[in-house]
Structures are given as structure tokens and as C-alpha cells.
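>
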Amino acid sequence: MRHRHALFLSLLALLALTRWGHFGSAVSLPDASLAVFLLGGLWLGCARAWGLGHFAALMASAFAIDVLLARTATEAGWCLTPAYWGLVPTYALMWLAGRWLAHAAQPGVLAFATVGAVATTAAFVISNLTYWAYSGHFEAMPLAEYAGRVVQYYPPYLGSTALYLALGWVVHRLGLAQRPAALNG
17 MRHRHALFLS LLALLALTRW GHFGSAVSLP DASLAVFLLG GLWLGCARAW GLGHFAALMA
77 SAFAIDVLLA RTATEAGWCL TPAYWGLVPT YALMWLAGRW LAHAAQPGVL AFATVGAVAT
137 TAAFVISNLT YWAYSGHFEA MPLAEYAGRV VQYYPPYLGS TALYLALGWV VHRLGLAQRP
197 AALNG
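Heads up, the sequence shown is in my numbering, so the first residue is 17 and it goes up one at a time.
Okay, structure coming up:
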């Protein structure tokens, strides 16, 4: 139990540190949110309701950070629109990808990278489609034009997530974050 608490607190700290850094902070690390949710699903999810308590706590923390930032940084307020709900399926997809990896006895680097890339790509599509459709900023912009504009953000979106997932894979392989087999369910 203590081990799971330490993992959760570590992921929460990474989420807060990297989310906070985007809006006017002196320290600006790439956002680790997607990786945090995938690693959370891998390390904290369990058979009973796939660890929804941890998922909900991370989701609530991400929202609280964004609300706090929206009060202090104009750019952050741009994200808090009616489309914000799109982050729930985006992060749930990452969590479930982690759960899928948890069922592999020892995911190799190729499986880890493939699942990470596919999930991150799907997360990019979900978050951008919901933002286009529900944010209220793009009523007059056709989807093809919007897609042409946001595709430039895909490489850094994938790259920053891949960086954190690579670090997570190393931690996982070193056995620092593996859950006991009884919890793997």
C-alpha cells in the first residue's frame, strides 16, 4: 500500500510540475499529462474498477491546476472552455492503454512504445476534435482547415509523451514501479 501511495504521489508531482510550467513559470518542462495517465493505468490501476479512484484524483488535480492557472495566466484560460470535458476521454484512453500494458507480464520496449504511440495519437485526435467542436472558438472554421493548423503540434505532443514514457519504461524495467502480482488483475 505504501508503495502505491509513493507511485501515486510521484505521478501527481510530475503532473503538477509539468502542467504548471506551461504558463509563465521560470521552469518549463514539457507536459507529462498523457504519460502520467498511461503510467498511472499501468502502475495504479487494479482489477476493481481499474483503479478509478486514482484516475479520478489525477483528473481532479489536472483540472484544479488548470483552474488555478486560468486565474493567473491568460493562455491557460484559453483552454477552459466547454470543450474541457474532452480531456476525460483523452486521459481515460491513456489510462486504459496503461491497463492493457499491465496485463503483459513484462512489456518489452517495442510493445511499450507501440501502445504509447498509438494511444498518444488517438489522444491527440480526441482532444483536438472536442476542442474544435465544443470550445466555441472555431464555429466558422471547417474541420479540414483546423486539422491543417493543429497538425504542427502533433510532433511535440508525441515527442514529449514519448520522452516521459521512455523514462517510465526504464523505471518499470528496473522494478521500481512494478505492482505485486496479486494487484495486476
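Don't be surprised by glycine CBs; every beta carbon is placed ideally from N, CA and C.
Terminal residues of the continuous alpha helix (DSSP H) containing H153?
Where H153 is concerned, there is no enclosing alpha helix (DSSP H), given that its DSSP letter is neither H nor E.
> Kindly indicate which three-state DSSP category H70 falls into: helix, strand or coil?
DSSP places H70 in helix when its eight states are reduced to three.
> Nearest to M110 by CA position, among L126, V83, A73 and F140, is which residue?
For the residues L126, V83, A73 and F140, the minimum Cα distance to M110 belongs to F140.
> Mind the definition here: the stretch 119-129 touches the stretch 149-168 only if three or more C-beta pairs lie below 8 Å; say whether that holds.
no
> If we ignore side chains and look at the alpha-carbon of each, how far apart do G102 and L96 end up?
11 Å
> With DSSP as the reference, label S44 as helix, strand or coil.
DSSP, read as helix, strand or coil, puts S44 in coil.
> Please identify the residue among V104, P46, L74 and G184 whose C-alpha is closest to the C-alpha of S143.
Ranking V104, P46, L74 and G184 by Cα distance to S143 puts V104 first.
> Would you call G69 buried or exposed, if buried means 16 or more other Cβ atoms sit within 10 Å of its Cβ?
Counting the other CB atoms within 10 Å of its CB gives G69 a total below 16, which places it among the exposed residues.
> When you compare each of Y170, A149, A86 and L159 to T136 by their alpha carbons, which one comes out closest?
Y170
> Go through its chain and collect everything with a Cβ distance to L33's Cβ below 7 Å, but skip five positions before and after it.
Excluding sequence neighbours, L33 sits near L45.
> Is L192 helix, strand or coil when you go by DSSP?
In the structure shown, L192 sits in coil (DSSP, three-state: anything other than H, G, I, E or B).
> By the DSSP assignment, the alpha helix (DSSP H) with T106 in it spans what residues?
L103 to A118
> For A72, count the other beta carbons within 10 Å of its own beta carbon; 16 or more makes it buried, fewer makes it exposed. Which is it?
exposed
> Can you give the Cα-Cα distance for Y180 and L27, rounded to whole angstroms?
11 Å
> Mapping DSSP to helix, strand and coil, what is Q168?
Three-state result, Q168: helix.
> What residues in its chain sit with their C-beta under 6 Å from that of F128, if we drop five residues either side in the sequence?
W185
> Taking DSSP as the reference, what is the three-state secondary structure of T97?
coil
> Answer yes or no: do G57 and G132 have a C-beta to C-beta separation smaller than 8 Å?
No, the pair does not count as a contact, with Cβ atoms beyond the cut-off.
> From this set, S77, L23, V83 and Y107, which residue's C-alpha is nearest F53's C-alpha?
Y107
> Hey, quick one: how far does the alpha helix (DSSP H) through L33 stretch, first residue to last?
R18 to W36
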